[in-house]
Structure formats: C-alpha cells, structure tokens
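Worksheet: the structure to be examined is printed underneath.
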Amino acid sequence: MTSAGEWKARALRGTRVASETVVGPTRDAAVLAVKEFLDERAAELRSKRGPDGYPSVEEVRDALEQIVIGRSQRTMLEAHLEAPDRILTATQLAEAAGYDDYVVANSQYGGLGRALAEEMEWEPAERSDGLPIWTFALATDADHDARKRGIEVTGHWRWQLRPQVAEAYSQVRGGRARLRLNL
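Going by UniProt numbering, the first residue of the sequence shown is number 1, and it counts up by one from there.
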C-alpha cells in the first residue's frame with residue numbers, strides 16, 4: 001500500500017497479522033523489510049529452543065494459534081492437561097474423546113501433533129521404519145528415564161504432555177491468544 005510516496009507492507013497468515021507494518025521507498029523495499037522481519041523473528045524463536053531442540057512456550061503458542069484443532073483432538077489435549085502428572089496412555093486419550101480404541105487416539109492425537117510439528121518446523125523422533133512419531137510433538141515418553149536405565153517397562157505406553165504444550169495451550173485456552181477450533 002502506498003501513502004505519501006512511501007510503501008507500507010505487512011505479512012498476514014490467513015487473516016492474522018504476522019508482522020509489524022514497515023515502510024519503504026519502493027514496494028520491493030517494503031516487502032524485503034517484511035521478509036527480514038519474519039526471518040529475524042524465526043531466528044529469535046529458534047534461539048529459544050531447549051537443549052533437546054523442542055520449541056519454547058512462545059513458539060508453541062504461536063503455532064497453536066495457526067493450526068485448526070478438531071473437537072476430539074481438543075478433548076484429548078484437555079484431558080491430557082488435566083491428568084495426574086499430565087500422563088495418559090493412548091487408550092486413556094481415546095476414552096477421553098469417547099472412543100473405544102487407542103488406534104483412534106494415535107490417529108487423532110498424532111494428527112494434531114503433526115500439524116503442530118509442521119507449523120513449528122520441528123522434526124519428532126522416528127519409528128524403526130523411519131516414519132515420524134507425531135505424538136512426540138505434544139508429549140514425551142513418560143517412562144524414558146526407566147527405559148534408559150534398562151528397567152523393563154510393562155503395560156501401555158504412557159505419554160507425558162510436554163510442559164511447553166501445557167503452558168502454551170493454557171495461555172491460548174485462557175484467552176490471552178486465539179485458538180482455531182474445527183467443531
């Protein structure tokens with residue numbers, strides 16, 4: 001947009017503003033300034049990632065604001081948030097959303113994890129066949145330390161909601177950010 005001989009530009013993601021408004025002497029200069037702003041913002045967020053490379057609360061919150069979350073995905077995420085120590089099995093996640101089979105939870109929750117991971121440009125751990133385990137974008141292996149020490153863990157796999165996801169979702173749900181729901 002031009003105003004008084006200067007060009008103004010800003011980035012949008014869907015209908016949301018994704019950058020500040022910048023001014024340049026030409027259209028190309030204004031667009032380049034927006035690109036630089038976005039690149040600097042992405043670098044800043046990447047620099048805040050933890051030692052394991054997982055994004056910060058701020059980056060997770062920004063991603064949650066961009067993705068669409070289905071009703072059953074939201075129900076599972078909220079059940080995970082409210083669970084003791086934020087630990088649930090896939091069967092418990094499925095039951096929270098009214099399903100009988102953990103396979104549905106793996107599909108639904110994994111789909112949410114994939115959307116989140118792709119939005120954050122973060123790569124989860126992979127299965128032995130090389131396929132990503134998308135749920136790792138939302139949660140970690142609750143029994144990781146025991147497995148690492150060589151202790152045999154029996155029963156269902158237990159997922160512990162990542163603290164960054166818990167905090168980011170709480171902020172979004174609490175109204176300090178906007179959540180896109182697919183109801």
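All C-beta atoms, glycine included, are put in the ideal place defined by N, C-alpha and C. Note that the structure is a prediction, hence the values are computed from the model and not measured.
Own chain residues within Cβ distance below 7 Å of residue i, not counting five before or after
{"i": "V31", "result": "A9"}
{"i": "Y109", "result": "Q73, M76, L93, T135 and L138"}
{"i": "G174", "result": "none"}
Exposed unless 16 or more other CB atoms sit within 10 angstroms - verdict on residue i
{"i": "T154", "result": "exposed"}
{"i": "G150", "result": "exposed"}
{"i": "V103", "result": "exposed"}
{"i": "G98", "result": "exposed"}
{"i": "G113", "result": "buried"}
{"i": "D39", "result": "exposed"}
{"i": "P25", "result": "exposed"}
{"i": "D62", "result": "buried"}
{"i": "A23", "result": "As written in the sequence, residue 23 is Val, which differs from the Ala given in the question. Exposed: under 16 other Cβ atoms inside 10 Å."}
{"i": "L161", "result": "buried"}
{"i": "E59", "result": "buried"}
For residue i, the residue or residues it bridges with in DSSP
{"i": "K8", "result": "V23"}
{"i": "A139", "result": "L161"}
{"i": "V17", "result": "L12"}
{"i": "I87", "result": "Q160"}
6 Å Cβ shell around residue i - same chain, five flanking residues per side excluded
{"i": "R27", "result": "W7"}
Checklist entry - Does the pairing of the segment 74-90 with the segment 39-48 give three or more beta-carbon distances under 8 Å? => result With a cut-off of 8 Å, the segment 39-48 and the segment 74-90 do not count as touching, because too few Cβ pairs lie within range.
Item to check | Cβ contact (3+ pairs, closer than 8 Å) linking the segment 116-128 and the segment 90-107 | outcome: Taking 8 Å as the limit for Cβ pairs, the verdict is that the segment 90-107 does not touch the segment 116-128.
Item to check | Three or more C-beta pairs below 8 Å linking the segment 123-130 and the segment 13-28 | outcome: Under the 8 Å Cβ criterion, the segment 123-130 does not count as touching the segment 13-28, having fewer than three qualifying pairs.
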